[in-house]
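See below for the structure under consideration.
Chains as they are written, first to last, in the working numbering: chain A, 695 to 879; chain B, -16 to 267.
Okay, structure coming up:
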C-alpha cells in the first residue's frame, strides 16, 4: 500500500496526477452517485447536447468538472437516517460510459473491480483515477455519508443520482492517471 | 394431513429476508476470522477486519450488510404430509412472494428486480418475483431457506460441459480459471459453489444449492472432500486476495454437489458467491 491522502472534491488536475495506484485516500465533501441506468442517461444527455447548435442542449444534473462519481445503488434509509447500506457496485458495467464523462471533466470514480483498457487510456489522457472501495461493506461505508439528496432521475429509484456529503470516505487508488493499476492479474 | 396457514408462511419468509440481509451467518464469520489468522498480507488482513466490523455494524444498527440485498432465491422442502391452507386460488408460491415483498418493504431492503429483462426493465418495486425451487420430502414439516445473493458475483457464474472421459485435472483448471476471471469484480474472498453432473439445468441448480452447506462442514464423500480441499488450495494460490487487491484469501470455501448424469456428458456449473454470503432457514 502507498500513502494515505485526503481528497476534497472538486478535484484539481494536479491533485489527481499526484495520486499513485495503491495510495489510500479519504474523501471529504460532495460526491455524486450514478450506476448503470444513470450512466446511460448522462451519456445520452451529453450526445444530445453535442448534436444541438447553440446552448439549447440538455443540461447535465451536476457539474462534471472535477467531480467524483460513486457507483452505488443504496438501500432505502430507515426512518431518521440519511441513507441505508451504500457500498460500491461492479465498475466494469460502466466501462462503455465512463470515457465520455471523463472527457467532460470527471476526475474520479469509486467502484469495485476491473476497468477496460479504453477506460485506462482515458484516465491517462484526461488525468483521472479509478478508486476501489470495499465491496460488501455497505454498512461500514454508510457511516461516512452525512447527507444524501436525490438531484436527478428520481424515477430510477435506487439508481437515481444522489448528491452525497461524505467525510473521510475510504478508498484505494486502483487505477491512476499514469497507466498503473494495483491489480496484478 | 397437517395444515400450515398461508399467513404463517408469509411472516416466516418476511423474517428470513430481513434477518438474511442483516446477519452474516456464524459459519461465514468464522471462516473470515480463520482466514484473518492465516493471512500474511497486511493490506488483505485489514480488509478482512473491515468485513468483520461491517458485519457487527449491520447486525447492531440494522443496516444491510451490502446495498445489493439481492434477488431472493427460496428453497422449499415440503413434507409429503403437510399442505398449505391458502384459498382464493392462491398457492404456496403466492405466500412466498408475499413474504418477500413484505420483507423487502418492512426491512428497508433494496428492490432490485425488473419485470422484463430486455424490454423497458421497469422495477417491480417489491423485489418479487422470487426464484423458487420446490421439492417434496418425507415428513410433515416445511423447510424454507432464503438466499439473498447479490448480482456482482452471480454475473460471474459459469457453466461448461466436458467430455465424459476427462480427468479431474481438466475440471480443476477450468474452475480455477472461472474464479480468476471473476477476480475482483465478484467481491472476493469468495465461496465457490460447484454442481457436477445432472444435466444443463440441474448442474446449475446444484451449484447454487451447494452454497447452502455449512462452510466448516466437509463433503460427506471422501473423494469430493479431497477435491474441495485441492480446489480451495489452488484458488488461494492465485494470490487475488480480498477485493482482488492481493493476499492469501481468495476463497473461503469450495462446496461440491453432485448428481448422476448421461454417459455422454459431464456438466459442470460454478456459482460464484461473494463473502457477504447471506442465507437463512426456518422449519415450520
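A virtual CB, placed ideally from N, CA and C, is assigned to each residue, including glycine.
| query | result |
| --- | --- |
| When Cβ atoms are compared, which residues of the stretch 194 to 221 of chain B fall closer than 9 Å to chain A? | 221 |
| Between residue 167 (chain B) and residue 227 (chain B), is the Cβ-Cβ spacing less than 8 Å? | yes |
| Ordered along the chain, which non-local residues of its own chain (more than five positions away) have a Cβ less than 8 Å from that of residue 135 (chain B)? | 51, 168, 169, 170, 257 |
| Grab the span of the beta strand (DSSP E) containing residue 699 (chain A) for me, first residue to last. | 698 to 701 |
| For a minimum of 3 consecutive residues, which ranges assigned as the beta strand (DSSP E) are wholly contained in the stretch 69 to 127 of chain B? | 114 to 120 |
| In terms of alpha-carbon separation, which member of B:243, B:85, B:34 lies closest to residue 833 (chain A)? | B:34 |
| Enumerated in chain order, which unbroken segments of the alpha helix (DSSP H) with a length of 4 residues or greater are wholly contained in the stretch 139 to 224 of chain B? | 151 to 165, 183 to 192, 205 to 219 |
| Label residue 89 (chain B) either buried or exposed according to how many other C-beta atoms from any shown protein chain fall within 10 Å of its C-beta, with 16 as the threshold for buried. | exposed |
| Is the shortest distance between the beta-carbon of residue 780 (chain A) and the beta-carbons of chain B less than 8 Å? | yes |
| Please check the pair residue 761 (chain A) and residue 800 (chain A), which I expect to be a contact at CB under 8 Å, by giving their CB distance rounded to whole angstroms. | 5 Å |
| From this set, B:152, B:240, B:159, B:200, which residue's C-alpha is nearest residue 219 (chain B)'s C-alpha? | B:159 |
| Please list the partners that residue 258 (chain B) has in chain A, where partner means a Cβ-to-Cβ separation under 7 Å. | 830 |
| Would residue 748 (chain A) be called buried (16 or more neighbouring beta carbons within 10 Å of its own) or exposed? | Model confidence at residue 748 (chain A) stands at a pLDDT of 48, short of 50, so the residue's coordinates are unreliable; what they give is reported in the following sentence. Exposed. |
| Residues of the stretch 855 to 878 of chain A in Cβ contact with chain B at a cutoff of 9 Å, in chain order, please. | 864, 866, 868, 876, 877, 878 |
| Please go through the stretch 714 to 802 of chain A and give each complete beta strand (DSSP E) segment of 3 or more residues, from N-terminal end onward. | 718 to 727, 762 to 764 |
| How far does the beta strand (DSSP E) with residue 10 (chain B) in it reach, from first residue to last? | That residue, residue 10 (chain B), is in no beta strand (DSSP E); its alpha helix (DSSP H) goes 9 to 21. |
| In or out: residue 231 (chain B) buried (at least 16 other Cβ within 10 Å) or exposed? | buried |
| Could you check what DSSP says for residue -1 (chain B) in three-state terms: helix, strand or coil? | helix |
| Strictly under 8 Å for the Cβ-Cβ distance: is residue 31 (chain B) near chain A by that measure? | no |
| Can you pull the chain B neighbours of residue 786 (chain A), defined as C-beta to C-beta under 7 Å? | 168 |
| Does the stretch 103 to 117 of chain B touch the stretch 75 to 84 of chain B, meaning 3 or more C-beta pairs lie closer than 8 Å? | yes |
| So the candidates are A:860, A:826, A:841, A:861; which of them puts its Cα closest to the Cα of residue 875 (chain A)? | A:826 |
| Span of the alpha helix (DSSP H) holding residue 37 (chain B)? | 25 to 44 |
| Three-state secondary structure (DSSP) at residue 237 (chain B)? | strand |
| Report yes or no: do the stretch 115 to 133 of chain B and the stretch 59 to 75 of chain B share at least 3 C-beta pairs separated by less than 8 Å? | yes |
| Given a threshold of 16 other Cβ atoms within 10 Å of its Cβ, counted over all protein chains shown, does residue 37 (chain B) qualify as buried or as exposed? | buried |
| Is there a C-beta anywhere in chain B that falls below 8 Å from the one on residue 766 (chain A)? | yes |
| Can you list, in chain order, the residues of its chain whose CB lies under 8 Å from that of residue 29 (chain B), leaving out five sequence neighbours each side? | none |
| Indicate whether at least one CB of chain A lies closer than 8 Å to the CB of residue 1 (chain B). | no |
| Could you check which residue in A:724, A:789, A:712, A:795 has the C-alpha nearest to that of residue 739 (chain A)? | A:795 |
| For the beta strand (DSSP E) that contains residue 825 (chain A), what are its first and last residues? | 823 to 826 |
| Mind listing the chain B neighbours of residue 846 (chain A)? Cutoff is C-beta to C-beta under 8 Å, in chain order. | Those do not exist, as residue 846 (chain A) stays about 17 Å from chain B at its closest Cβ, beyond 8 Å. |
| Cβ closer than 9 Å: which chain A residues qualify as neighbours of residue 93 (chain B)? | 767, 768, 769, 770, 778, 779, 851, 852 |
| Terminal residues of the continuous beta strand (DSSP E) containing residue 856 (chain A)? | 855 to 869 |
| Would the beta-carbon of residue 793 (chain A) fall within 8 Å of that of residue 778 (chain A)? | no |
| Taking one C-beta from the stretch 11 to 24 of chain B and one from the stretch 137 to 153 of chain B each time, how about it: are there three or more such pairs within less than 8 Å? | no |
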